[in-house]
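Protein chains in written order, with this note's numbering: chain A, 29 to 303; chain B, 57 to 314.
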């Protein structure tokens, strides 16, 4: 598998001198073509900052991000981003259809291709029938599906998702997780998925990048080779799921000390309380 | 729904009752300051419908609309520039606040000096006074655009005029339209004042002339017309605003409900 995204020695510092706040320190990982990579970390560890640097929205203080070997200096054409705040990320003055179509217009696609892609993407998220409605007329889960459709229609090489289901109820959330896995197969895209939910990270990913508390660095990269296709009930019943989940959980909560020599299968003492 | 109907009925009934009360209490009035409503309406019809529509009402409306529309275009255009460029905003801020603080009446002597007593003077001063609320509101509206909206637009590389017309302006439109509403009332006031100070026609001119000639019923007919015009403009504005900002009110109602 070839690398599609490379993050090397990425650092971000806000302010300077005594007021300097190091948000990211020396982040290093890569994402291969077709892979689903989750990023987890303790809350406030700079996951969103990391994603902003990767997407080119924020200029890193050091290190670099490369998409296909090209340094990312501004948002590249091969990247789409699904935000947590779907109700702020969709344009309420445009219809669902127009929301999905606008990035395609900006890309200079002709109207036939646009129509076809919009149709295909809305169909994939099951919202073709709402295309003439406005985002605020839809439920939260549906709005996030529109945002996913917009990203799919854009046909990115890599799809970044920033805690996309954090403000969605549990039931809908499970549906959206499966929808993400399904459409990813259908459209053959690579996904980098930031979340604070460890179950979600394990359920979705091929590999999980675990970040340390701030200044965030990569603590560990956990391979997550649960069988695919994944299933909300069966996958989560697997002993392997439980041990992976426990392993990642410990890695996230046990602050910066690495669980030396311990593998996902080992029984570890669970510490109550973080740090 | 019945409560709503009651309110609408009251909304219509109260003004009707007030006019009826005015009509009855003023009938047979011998006061020269408060002629009967009957007399006023006679003069209203004779002046505004029969004789002076083309000679006074149209010129007034023309000045008002030209000044106001120019202010809208310049205000939105300038506001966009200031809203998008922090440097431009910093450089012009003191100037903008100085100009918008000048009371309109204080500018009249200057406008007359510059343009004489013709239409240009009135259009200038109506436009000048209307400009600032629109400019300031557009600036703050564009500057306050939600950061997620901005980031989304950046990620999807929506640029140039498409970004301006499909994202930046719609996002700022609630602010812009609030500014336009403030400016519309200012524009009407300035139209009347400018016609009273230096003009040979117009509703403001006529109203002041009637008062000076002790034609009190005529004066009242001018006041009634100005009130009606203000009301109609406001109604038309509200109607247009509801259509343009339907998404805004609906999405805010939705946000409040959740």
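Glycine is no exception: its CB is placed at the ideal position from the N, C-alpha and C atoms.
When you compare only the Cα positions, how much space is there between residue i and residue j?
i                      : j                      : result
residue 60 of chain A  : residue 123 of chain A : 35 Å
residue 272 of chain B : residue 251 of chain B : 18 Å
residue 220 of chain B : residue 202 of chain B : 15 Å
residue 251 of chain A : residue 84 of chain A  : 27 Å
residue 101 of chain A : residue 216 of chain B : 19 Å
residue 118 of chain B : residue 240 of chain B : 14 Å
residue 42 of chain A  : residue 76 of chain A  : 14 Å
residue 89 of chain B  : residue 121 of chain B : 32 Å
residue 333 of chain B : residue 184 of chain B : Chain B is shown only over 57 to 314; residue 333 of chain B falls outside these bounds and no answer can be derived.
residue 159 of chain A : residue 196 of chain B : 32 Å
residue 216 of chain A : residue 292 of chain B : 52 Å
residue 129 of chain A : residue 155 of chain A : 14 Å
residue 204 of chain B : residue 276 of chain A : 30 Å
residue 166 of chain A : residue 229 of chain B : 22 Å
residue 243 of chain A : residue 106 of chain A : 29 Å
residue 134 of chain A : residue 212 of chain B : 8 Å
residue 79 of chain B  : residue 72 of chain B  : 10 Å
residue 307 of chain B : residue 120 of chain A : 7 Å
residue 301 of chain B : residue 274 of chain A : 50 Å
residue 102 of chain B : residue 284 of chain B : 16 Å
residue 288 of chain B : residue 210 of chain B : 42 Å
residue 218 of chain B : residue 227 of chain B : 13 Å
residue 170 of chain B : residue 188 of chain B : 20 Å
residue 242 of chain B : residue 135 of chain B : 19 Å
residue 140 of chain A : residue 31 of chain A  : 33 Å
residue 33 of chain A  : residue 183 of chain A : 16 Å
residue 154 of chain B : residue 114 of chain A : 41 Å
residue 247 of chain A : residue 200 of chain A : 31 Å
State the beta-bridge partners of residue i as determined by DSSP.
i                      : result
residue 39 of chain A  : A/90
residue 224 of chain A : DSSP, once it has assigned bridges, lists no residue as partnering residue 224 of chain A.
residue 190 of chain A : A/222
residue 240 of chain A : Paired residue(s): none; residue 240 of chain A is not in a bridge.
residue 33 of chain A  : A/59 and A/95
residue 235 of chain A : A/65 and A/251
Closer than 8 Å by C-beta to residue i: which residues in its own chain qualify, once you throw out the five before and the five after it? Chain order, please.
i                      : result
residue 181 of chain B : 123, 160, 163, 164, 167, 246 and 250
residue 249 of chain A : 57, 235, 236, 237 and 238
Are residue i and residue j touching if we call contact CB-CB under 7 Å?
i                      : j                      : result
residue 129 of chain B : residue 194 of chain B : no
residue 71 of chain A  : residue 233 of chain A : no
residue 69 of chain A  : residue 51 of chain A  : no
residue 265 of chain A : residue 223 of chain A : no
residue 263 of chain A : residue 254 of chain A : yes
residue 233 of chain B : residue 297 of chain B : yes
residue 204 of chain A : residue 108 of chain A : no
residue 110 of chain A : residue 176 of chain A : yes
residue 145 of chain A : residue 181 of chain A : yes
residue 144 of chain B : residue 138 of chain B : yes
residue 36 of chain A  : residue 91 of chain A  : yes
residue 208 of chain A : residue 152 of chain A : no
residue 64 of chain A  : residue 219 of chain A : yes
In the DSSP assignment, find the unbroken alpha helix (DSSP H) run with residue i in it and report its ends.
i                      : result
residue 66 of chain A  : Premise fails: residue 66 of chain A lies in the beta strand (DSSP E), 64-68, not in any alpha helix (DSSP H).
residue 233 of chain B : 225-253
residue 141 of chain A : 139-152
residue 133 of chain A : 124-134
residue 203 of chain A : 198-215
residue 57 of chain A  : Counting along the chain, residue 57 of chain A falls outside any alpha helix (DSSP H), though it belongs to the beta strand (DSSP E) covering 49-60.
residue 173 of chain B : Taken as a continuous stretch (DSSP letters only), residue 173 of chain B belongs to no alpha helix (DSSP H), as it is neither H nor E.
For the beta strand (DSSP E) that contains residue i, what are its first and last residues?
i                      : result
residue 247 of chain A : 246-251
residue 179 of chain A : Run containing residue 179 of chain A: none in the beta strand (DSSP E); it sits in the alpha helix (DSSP H), 168-181.
residue 107 of chain A : 107-110
Kindly indicate if chain E contains any beta-carbon less than 7 Å away from that of residue i.
i                      : result
residue 204 of chain B : The displayed structure is made up of protein chains A and B, and chain E is not among them.
Using a Cβ-Cβ cutoff of less than 7 Å, which residues in the same chain neighbour residue i once the five nearest sequence positions on both sides are dropped?
i                      : result
residue 69 of chain B  : none
residue 258 of chain B : 112, 115, 116 and 251
residue 80 of chain A  : 86
residue 112 of chain A : 190, 191, 192, 194 and 195
residue 89 of chain A  : 39, 40 and 41
residue 118 of chain A : 127, 163, 171, 174 and 175
residue 307 of chain A : With chain A covering 29 to 303 only, the question about residue 307 of chain A has no answer from this structure.
For residue i, collect the residues of the same chain with a Cβ closer than 6 Å to its Cβ; drop the 5 residues on either side in sequence, then sort them by chain order.
i                      : result
residue 255 of chain B : 261
residue 263 of chain B : 275 and 278
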